[in-house]
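Number of protein chains: 6
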Amino acid sequence: MKNGKLQNYIAYVDGKFVPQTEAKISIYDSALMFGDMVFEMMRTFNHEHFLLDEHLERLYAGMKFLKIPEPMSRLEMKKLYNETMEKNADFFDEKEEMRPLINVSRGILPIYQDVYGQALKPNLVISVFPLRWTIGATYPNYLNGISMYVASQRAIPADLLEPKVKNRSRMHYQLANLEMREIGPHAWALLLDTDGFIAEGTGSNIFLVKNGKIYTPEGRNVLRGITRRYVMSLAEELKISCEEKNLNVYDLYQADEAFVTSTPYCIVPVTKINGVAIGNGKPGPMVTKLLDFWNKKVGVDIVGQVKYYSETGTQSSSNPFVELKR
Amino acid sequence: MKNGKLQNYIAYVDGKFVPQTEAKISIYDSALMFGDMVFEMMRTFNHEHFLLDEHLERLYAGMKFLKIPEPMSRLEMKKLYNETMEKNADFFDEKEEMRPLINVSRGILPIYQDVYGQALKPNLVISVFPLRWTIGATYPNYLNGISMYVASQRAIPADLLEPKVKNRSRMHYQLANLEMREIGPHAWALLLDTDGFIAEGTGSNIFLVKNGKIYTPEGRNVLRGITRRYVMSLAEELKISCEEKNLNVYDLYQADEAFVTSTPYCIVPVTKINGVAIGNGKPGPMVTKLLDFWNKKVGVDIVGQVKYYSETGTQSSSNPFVELKR
Amino acid sequence: MKNGKLQNYIAYVDGKFVPQTEAKISIYDSALMFGDMVFEMMRTFNHEHFLLDEHLERLYAGMKFLKIPEPMSRLEMKKLYNETMEKNADFFDEKEEMRPLINVSRGILPIYQDVYGQALKPNLVISVFPLRWTIGATYPNYLNGISMYVASQRAIPADLLEPKVKNRSRMHYQLANLEMREIGPHAWALLLDTDGFIAEGTGSNIFLVKNGKIYTPEGRNVLRGITRRYVMSLAEELKISCEEKNLNVYDLYQADEAFVTSTPYCIVPVTKINGVAIGNGKPGPMVTKLLDFWNKKVGVDIVGQVKYYSETGTQSSSNPFVELKR
Amino acid sequence: MKNGKLQNYIAYVDGKFVPQTEAKISIYDSALMFGDMVFEMMRTFNHEHFLLDEHLERLYAGMKFLKIPEPMSRLEMKKLYNETMEKNADFFDEKEEMRPLINVSRGILPIYQDVYGQALKPNLVISVFPLRWTIGATYPNYLNGISMYVASQRAIPADLLEPKVKNRSRMHYQLANLEMREIGPHAWALLLDTDGFIAEGTGSNIFLVKNGKIYTPEGRNVLRGITRRYVMSLAEELKISCEEKNLNVYDLYQADEAFVTSTPYCIVPVTKINGVAIGNGKPGPMVTKLLDFWNKKVGVDIVGQVKYYSETGTQSSSNPFVELKR
Amino acid sequence: MKNGKLQNYIAYVDGKFVPQTEAKISIYDSALMFGDMVFEMMRTFNHEHFLLDEHLERLYAGMKFLKIPEPMSRLEMKKLYNETMEKNADFFDEKEEMRPLINVSRGILPIYQDVYGQALKPNLVISVFPLRWTIGATYPNYLNGISMYVASQRAIPADLLEPKVKNRSRMHYQLANLEMREIGPHAWALLLDTDGFIAEGTGSNIFLVKNGKIYTPEGRNVLRGITRRYVMSLAEELKISCEEKNLNVYDLYQADEAFVTSTPYCIVPVTKINGVAIGNGKPGPMVTKLLDFWNKKVGVDIVGQVKYYSETGTQSSSNPFVELKR
Amino acid sequence: MKNGKLQNYIAYVDGKFVPQTEAKISIYDSALMFGDMVFEMMRTFNHEHFLLDEHLERLYAGMKFLKIPEPMSRLEMKKLYNETMEKNADFFDEKEEMRPLINVSRGILPIYQDVYGQALKPNLVISVFPLRWTIGATYPNYLNGISMYVASQRAIPADLLEPKVKNRSRMHYQLANLEMREIGPHAWALLLDTDGFIAEGTGSNIFLVKNGKIYTPEGRNVLRGITRRYVMSLAEELKISCEEKNLNVYDLYQADEAFVTSTPYCIVPVTKINGVAIGNGKPGPMVTKLLDFWNKKVGVDIVGQVKYYSETGTQSSSNPFVELKR
């Protein structure tokens, strides 16, 4: 990786290209007043932007739900996105993948519009940094699986705060992560919804495998992850049954296998729940099957790439929440 | 008012004094990732900072609950706050009051710490602007009272997202405001909690008056406003019974009077609920009594000041949410 | 009692005085379409209309909440009420008490207004019949107390259907009564609210006595009975503590005494809950104390009067719901 | 239409045929005491009574659930129904359709049985009036679609008040309609259930279309409309997937199309939710496809008929709830 | 039956074989402190232990969930189970079937470990007695069906107390049974969950039949009975649709047939709900079909066997809860 | 302490005095079938049985609620209790305190009554052992305070399983304890109720102190501890305000002091919540004040006694749940 400093990367911020350390939002912006911002984070495989249209579709769906005016058409935004990526192209050699980010906020609160000296309009930020920063230290997760614990923090029901809108008003995820600090650096949070069903991780969707079939919570009180949907389509192609269903923690105890999905990590095995082994306590064959198929689809050895990053230095840890404990 | 542009005001941001248009937060800050920021907004009476210690106490309570490390001691912060106010003193002649703001976020996410080129630490912003910007157009509210409507959006219960912590993860307030847009510019949102009790406005506490006694919702699924507590203390001094109680919308329909409280507005009468008059549909004697007593305490004619602002030009509207409809 | 047939009594119906068998409502009236009607039922003591103003106040409060236009002023209605009573005066000798009734519905649905041949307006019915019809067979209840059973039917929470508005949309009371039929003619329904607290009977409020203090459920998911409030005022005069409180069924099991209140019955002891004796299983001293005081206030021996009715023939049974089982 | 006055139409009421202005219920009837009445409203296509057996089945199911004794066998009732229709046949020329209505209540309350001068028995009313009165002004709804808003009023859960029983204890529907008055005459109420899922309109079922598939809420906290089931059967014949599913408001925002169903209107497009366009904001191809198929089935141009009614005079408005605002 | 006294049967208790009257647990055992014990009860057909592996699987699943250490491997337990059966073989002639029982508790509480004079370890009990004792008096149930009533006691949600773990902390089942005592000896309890859906009986699963299809509640707030699953597999083999679904009490009222399942009883028809006939109020053809098929599978006339027990003397009643009323 | 082995102590079991290792319950007892047993555990001060009448009162209240027949009158039981204590008197020198225990179960299930060879009757066990066994290792708790963590396990609401009845169906307490094992041996479980309010520890009541006033959760979803009530009476005597109130976890974070109460421990300070210091993180003056007053009342230095036990050997640990992790 040529470049380890954020300031060298270029971001599009509200009409201009600037160093990413200048990618900032006014404290008078609705984003900082209410968590009133939608966003998407993507990744590449061999520099191909993976499922970009799906991410943009969800971004515009979120703006519609929150009634944030569209800063530009979807086509124009895609063009601007590509332009931003090109400006950063030199920082990514063929071994590096990109981790792009789009933020859209409603902009400066109306109350400040006259004094702010600019028209009232939504605020768009596009940036990118190396995927390595996010996943570089996570190789052990693929080898051993991660350990999840049911947090006392519950997921907020969709009629109170819609998790299907990828928004920034989600202090409760942070609080669940902070709970895990008390258990230890190995612990990942699992949220139940207020009905007592398994909902999601704090940034990932969960699946379990029982008797050769895959199950995942109904897309109700969870972010409907784009990776979640992709894994469902992989299963369909592989003729593996994959069903959305109300799941109890009991079902996870009795599962043969479990895994979480997210854009940067793709698929990570879960091998323990509340300190007890799931199945034989080791990553299982379904994860391997799905990852192998995925590797073929995108022409990248997903886990191999993580291993390479881990061997060539990185800046993060296997559990991104561990440093919260300072 | 000497100065109508934000850029002329000075803010303390992360160690430096800068023009307020530079009061910005990195998109990699936890504040913008999770709504993970606590804040306080104050006001002055005759340039005296009103209940500043109470605001600081709540700010530190929020940091403790969210486990945000304290950026400095409470004493040091107060000193810095005063320093910031002094730097802006010239912009406030004797007729103008200040509207100061303190933000504390957890800072850059750990995942970006190595690349961001700075140590991992909480982020502090202190700023101030004229109170006139917030309340200058609200004179009609005091004359006629405001009209509240029960939103379909409910307050989020305290065990899911603690409203007593004044934090920035509150998209649901914004959604309730957006609902009101459909009713009209005169409509203010009233949130019920998930038990069906009256909770709060989106930034104010609510009180009702019945047979000479004052009632307000229990301090449970609401922000425990500092003005709310102050009004309770005024009532106590005036020997008026003021009780925290579970209240239904029915109680509001049957009330003799109702009002909301907040730091910038102090006390604003509520004269309609869901389109129906409360009492005789006019501001009532209890509001007058409380405001008169408050005026005496702080040596300012609160409503008179708002009238003056409205007659001398301002930048906001009587309902700060009306411009949301652009 | 001079007169045992309904047809002899006169009712005011929508502008005219008619025999009570003609006191009818169109099937196109909102009352019959939605249960969209408010009502009050009163009683007299020595022909004095007891707490009439309080009943009228609640009637008008209900109209306000349901946005039913007022058919006339409160004063005019009182006049019309008295006029209706006078027209029936001959049927009530000095031993008989009256059981008057006021109904107000929104009137014919707008959809039928053009074809119905009359202006769109609320519909008012005032009628009266002998109290004896309601309470004449209930003397055993005062002697032995009644037996209540927790129904599987729960009270509907106030934010879904406001029980404090005395309205006709209350099929759930009927369903609770129908449940009791399966236990036997001695069984009276006790409703819990959805929080699991004791709410009310199907037409009565409940109180319990423990260590000399009286407790009754908070006025939340219940009709705030006018007799309930009157009993609270009696207690206050007698310097007996009477507190509104969240009560569990457990509290009723552990009570020393319990009783229900309603307009026609005044106070009836409850001596069993779910088949188990409350206290010593007999009517207790608190009921006697309250009734004695009440007797003095109104100059009527309340229980003696019921005894007299029972000895002189009546048309109802001790449990008005038993005949449901036909 | 020959006849615009209700009094000319004949109703069967409790054993007699009378002018419909005499179709009335005693104030001592359980229907007016508790909303304790079941009913069905039908319509014809070319004078054929559509799905009459299904309506009668649901009517008898409701009586069973509420334990209202059957006033006669289903066969006898059908005979009486037909007789009533024949008595009104002259009022319906070939362009007019009928809107029949059956009401069954439990009858006079037992407490009044001795004095009422008649045996205790359920009360049956059968009537009919022109469909034009209901739908004559609704042509714009088919052209432009209707606009729905999520009401703050929630649907009452089935375990508290069973919506699958078509009964008259439904003040909460009226309250939701009254909420819409505050938004404007264009607004139709959409009820969520207490789990936050989409339930129903106040008298209609809702469907959405996404990627060529149809979805409707599970038949749980809703009236299981006969038109709802018919539309599901149309979809099945047309080989279009139609699934019952828990749906969030988010799903409606993201739908390609939406529509409501009810007996008189058949299918009406929904083109806006909370003020935001669904799909392209216009009635979509699925509604057309279903209506075309339905037209063929019944030999009536459903929308054409509504258009004809609108052009030849009518008594109702496009939103039957608008006149509520008087 | 050779032997009518419990003391003659042999039980394995904590390492020893003893008379069953000695099958006891210390009051200091976690089982008696917290209801902290998992168990299984089996039955034989022609002395073949039916679905034993499935029962053992569920037993070990419960231990895992409750984190009770396994006292031995599943294979060892099976061996010990068989050994226990053999020791009792003489008491079972060819007409008698066995009713075996396995209990595993966590053992003596740690606090007592030093004083108790034995190592801290889980406690295992295996016993067996004649099936006749459980089902010998239940022949009328098969002939006439049983009558179920919705209890006011609700099922405890799975996230509060997991019903899928067959454990001994279930006072609430007992409380539901005690409610039924008040209705009469014919009444069996039906539990709703807190969402208002049908959950289960107090020791049985419930199914309903509508239009030739079978439905049973989702396996969520219920014990997932081994007989429940077996009946689902019988239906599958018979090509009868059998679906898990959220069911309301309304669905039971409208069902053509209903039945409950449990290990000792297999399948018992339910012919009344809340006092109202289901279908024609008689056991229906689906129960016959399933039982016939089951008979063939196991080579036993299930109902015939119960009839035989009833004719040759027994010790229980048709409703095992009736004696609760002593 | 003369005697460290359980077998030397004498218990009353079902009519006989036996060594305590024989204090056992049949597996066919309702206690082991349903957790269907009520109990009380007492303690002495200077060999005086503390609040024995209050414990007996609660025991009989529980029997009444669960409809367990009383095995004898309260007076007879007290006599038997004293007799049992006398039989064990020799084992308690003047430095030792007693920890007596009473268990009452419903007895053998009716289904087994004929075969069990004994009449169907409730089962009574009375035993006693040294208090030292329970509290001997807890001296550090008084010195440093304990650390509580909010468990993901919630308290079961009173309408589902009444916590005010001290019964044995409480696997959920055990599950909360097992959660704490994952955090560490220092962690004590704090249960919230399903409304999100603080309920209780798993065997203790919780109090907090703020501005010199004491608060404790309403006696609703908690065991109403006898020590809880005693502490409230101490506060009253000391003229310290002590209020029952709905409390959020936030309130605990902001408290000046907190403590738990239980019969054996009396009062133990809580100095951390979720890893964060309460107040200054040290036992506070209110605990000292209350304990000092208590010491005077009973003539025992409560903490000094614990210190003595810890210095003279004991069998338990400071957290009785730590050994769960074996």
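Order-wise, the sequence lines are chains Y, F, C, R, V and H. Numbering follows the numbering used here, with no gaps: position 18 of the first sequence is 18. Numbering follows the numbering used here, with no gaps: position 80 of the second sequence is 80. Numbering follows the numbering used here, with no gaps: position 318 of the third sequence is 318. Numbering follows the numbering used here, with no gaps: position 174 of the fourth sequence is 174. Numbering follows the numbering used here, with no gaps: position 53 of the fifth sequence is 53. Numbering follows the numbering used here, with no gaps: position 246 of the sixth sequence is 246. Every residue, glycine too, gets a C-beta built ideally from N, C-alpha and C.
Interface residues of chain C facing residue i [CB-CB closer than 7 Å]
i: Val150(V); result: Ser152
i: Met180(R); result: Correct list: empty, because the minimum Cβ distance to chain C is about 12 Å.
i: Gln254(F); result: Ala61
Beta carbon of residue i nearer than 9 Å to that of residue j
i: Lys289(H); j: Asp256(H); result: no
i: Ile278(C); j: Glu54(C); result: no
Residues that DSSP places opposite residue i in a beta bridge
i: Leu192(V); result: Ile198(V)
CB contact check: residue i to chain C, cutoff 9 Å
i: Gly196(F); result: yes
i: Arg74(H); result: no
i: Gly275(V); result: yes
i: Glu311(R); result: no
is_contact[residue i, chain F] using C-beta, thresh 9 Å
i: Ile10(C); result: no
Where the beta strand (DSSP E) containing residue i begins and where it ends
i: Tyr28(H); result: Tyr28(H) -> no beta strand (DSSP E), and no H or E assigned at all.
i: Thr216(F); result: Lys213 to Thr216
Residue i: contacting residues in chain F (beta-carbon distance under 7 Å)
i: Pro157(C); result: Gly196
Chain Y within 9 Å of residue i, Cβ atoms only
i: Lys67(V); result: yes
i: Ala199(V); result: no
i: Ile206(H); result: no
i: Ile183(H); result: yes
Under 9 Å from the C-beta of residue i: neighbouring residues of chain R
i: Lys245(Y); result: Under the 9 Å cutoff, chain R gives no residues; its nearest Cβ is about 12 Å from Lys245(Y).
Interface partners of residue i on chain R, CB under 7 Å
i: Asp36(C); result: Met171 and Gln174
Chain-ordered chain C contacts of residue i [CB-CB under 8 Å]
i: Asn211(F); result: Near Asn211(F) there are no residues of chain C at all, since even the closest Cβ is about 12 Å away, more than 8 Å.
Closer than 8 Å: residue i CB and nearest the ligand ZN heavy atom
i: Ile183(V); result: The model depicted lacks the ligand ZN and carries no ligand whatsoever.
Endpoints, alpha helix (DSSP H) assigned at residue i
i: Phe360(F); result: Examination of residue 360(F) is not possible in this model, given that chain F is present from 1 through 326 alone.
i: Pro19(H); result: Where Pro19(H) is concerned, there is no enclosing alpha helix (DSSP H), although the beta strand (DSSP E) it sits in stretches over Lys16 to Pro19.
Chain H contact residues for residue i, given Cβ-Cβ distances below 7 Å
i: Leu192(C); result: Asp159
Residue i at chain R interface by Cβ criterion, 9 Å
i: Val18(F); result: no
i: Ala23(F); result: no
Neighbouring residues, chain V, relative to residue i (Cβ below 8 Å)
i: Arg339(H); result: Since the first residue shown for chain H is 1 and the last is 326, residue 339(H) is missing from the structure and cannot be characterised.
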